[in-house]
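Asks: One structure follows; several queries about it will come next.
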Amino acid sequence: MKTPQEIAQILRGHLDALGGPRDPFLGSGVHQLAQHYIRSELKQWGTVTSHSFEARGHTYYNWQMEVVGQQPDLAPFLVGAHYDTVPGSPGADDNGSGVAVLLVLAELLSQQQPKRSIHFVAFDLEEYGLVGSTAYAQQWRQANKSLHLMLSLEMLGYFCDEPQSQKYPLDLLGSIYPDKGNFIALIGNAKTVLKMRTLKRDITAAGTPCQWLPVINQGKQIPATRNSDHSPFWDRGYSALMVTDTAHLRNPHYHQPTDRIETLNLEMMAKITLGLSTYLQS
């Protein structure tokens, strides 16, 4: 197993390679380079296939790779992260951090052979209304495929120890959860309560403070909990959760030109990666 320091270095390499605005319309060149990089990295660990979908009169792609588990008849994990950005933002946290962790997890799990199979998916057009993940979840449901758990890796790199650095979409949550943005959050539907408890244990054991929030009714009472690629899976009845640093509720660089690598905590990202890896092996 790699050390946190080694993983932090690998994460930095992925983030460097993914740097630059990856908007598919106004930054199409960098967007295409990001796709090429993701495909080439995943190809080191398994067979990469494309999942195409139509949007705005053009064809776009999610990229997927499967690590076959020791018991492939068990319902699999699905780990996803979107690779597009908003125009003008280099998207180091949103969502270079999620893609970087996904790529490291693919490397680690391909060498461990977990119990369950794991599908790693890089989604496109998240910033345009979860278009890529919606198309993927719809195809999964139409094929009547089972799923143990979908994990959406959505912004994993920004942490702050300052008081009042963490905000919440409801005042009530602020009276329950910490006011310092120095933890990773798990947001899951009711089906995932026991899974979130186990994942929190593994992430905490790896050295990262972790909080979890279960939601009902697909999170519709708290719209901010739906703002990533897990929600199309919620809407289709699957167990799914988001792993996140809480985005705009903490990170002042969200959707800004200042969302750069130097604002991220690579040490914390490495520990999150190790906690996720432990959980996915079970």
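Under my numbering, read the sequence shown as residues 56 to 337, first letter to last. Beta carbons are placed, not taken as given, at the ideal position from N, Cα and C, and that holds for glycine. Because the structure is a prediction, the values reported are computed rather than measured.
Just the Cα atoms here: how many angstroms apart are Thr189 and Arg94?
Replies: Taking the straight line from one Cα to the other gives about 21 angstroms.
Asks: If you count every other CB in all the chains shown that lies within 10 Å of the CB of Thr77, and 16 or more means buried, which is it?
Replies: Per the sequence shown, the amino acid found at residue 77 is Arg instead of Thr. Buried, because 16 or more other Cβ atoms sit within 10 Å of the Cβ of Arg77.
Asks: Quick check on DSSP: helix, strand or coil for Glu109?
Replies: In the structure shown, Glu109 sits in a strand (DSSP, three-state: E or B).
Asks: Name the DSSP bridge partner or partners of Met205?
Replies: The partner list for Met205 (beta bridge, DSSP) reads Leu133, Ala295.
Asks: Would you kindly work out how many angstroms separate the C-alpha atoms of Trp267 and Ser152, rounded to a whole number?
Replies: Taking the straight line joining both Cα atoms gives about 20 angstroms.
Asks: Please report how far the alpha carbon of Arg252 lies from the alpha carbon of Gly112, in whole angstroms.
Replies: Answer to the nearest angstrom: the Cα atoms are 43 angstroms apart.
Asks: Going by C-alpha to C-alpha distance, which of His203, Lys235, Asp284 sits closest to Ile242?
Replies: Measuring from the Cα of Ile242, the nearest candidate turns out to be Asp284.
Asks: By the DSSP assignment, the beta strand (DSSP E) with His174 in it spans what residues?
Replies: Unbroken beta strand (DSSP E) run through His174: 173–178.
Asks: Flag this pair as yes or no: are the beta carbons of Ile173 and Val122 separated by less than 8 angstroms?
Replies: For Ile173 and Val122, yes; Cβs fall inside 8 angstroms.
Asks: Do you know how far the Cα of Met297 is from the Cα of Asn320?
Replies: Their Cα atoms are separated by approximately 19 angstroms.
Asks: So does Ala261 have its beta carbon nearer than 7 angstroms to some heavy atom of the ligand FAD?
Replies: With respect to the ligand FAD, the structure shown offers nothing to examine, as it has no ligands at all.
Asks: Ends of the alpha helix (DSSP H) at Pro59?
Replies: It spans 59–73 - the alpha helix (DSSP H) in which Pro59 sits, taken as one unbroken run.
Asks: Between Ile277 and Ala245, how many whole angstroms is the CB-CB distance? I'm expecting something under 8 angstroms.
Replies: Wrong, their Cβ atoms sit about 13 angstroms apart, outside the cutoff.
Asks: Count the CB pairs spanning the stretch 305–316 and the stretch 137–150 that are closer than 8 angstroms, and state whether there are at least three.
Replies: A contact exists between the stretch 305–316 and the stretch 137–150.
Asks: Any idea which residues DSSP pairs Leu268 with across the strands?
Replies: According to DSSP, Leu268 bridges with Ile242.
Asks: Using the Cα positions of His106 and Glu217, report the straight-line distance between them to the nearest angstrom.
Replies: So the alpha carbons of these two residues sit roughly 42 angstroms apart.
Asks: Measuring straight from C-alpha to C-alpha, what distance separates Leu225 and Arg196?
Replies: Cα to Cα, Leu225 sits roughly 32 angstroms from Arg196.
Asks: Let's see if you can read the secondary structure: which residues bound the alpha helix (DSSP H) around Asp226?
Replies: From DSSP, the alpha helix (DSSP H) with Asp226 extends over 226–229.
Asks: Let me check understanding here. Comparing Cα to Cα, which of Ser165, Met205, Leu202, Asn117 lies closest to Val125?
Replies: According to the sequence shown, residue 125 is Gln rather than Val. Ranking Ser165, Met205, Leu202, Asn117 by Cα distance to Gln125 puts Ser165 first.
Asks: For Glu181, I'd like the list of residues in its chain whose CB is within less than 8 angstroms of its CB, leaving aside the five on either flank, ordered along the chain.
Replies: Taken in chain order, the residues that qualify are His137, Asp139, Asn150, Gly187, Ser188, Ser283, Asp284.
Asks: Less than 6 angstroms between C-beta atoms, sequence neighbours within five positions excluded: which residues of the same chain meet that for Val156?
Replies: Leu208, Leu211, Thr328, listed in sequence order.
Asks: If we call anything under 8 angstroms between Cβ atoms a contact, is Ala177 one with Trp100?
Replies: Not closer than 8 angstroms, so no.
Asks: How many Å lie between Phe238 and Gly84 at the Cα?
Replies: So the two alpha carbons sit approximately 35 angstroms from each other.
Asks: Per DSSP, what are the beta-bridge partners of Thr114 in this structure?
Replies: Its beta-bridge partners are Glu109.
Asks: Do the CB positions of Asp179 and Pro79 come within less than 8 angstroms of each other?
Replies: Yes.
Asks: Under three-state DSSP, which class holds Val122?
Replies: In the structure shown, Val122 sits in a strand (DSSP, three-state: E or B).
Asks: When the Cα atoms are used, what is the spatial distance from Gln60 to Met324?
Replies: Looking at the two C-alpha atoms, the distance is approximately 10 angstroms.
Asks: Just how far apart, CA to CA, sit Gln221 and Ile62?
Replies: Each residue's Cα considered, the two are about 27 angstroms apart.
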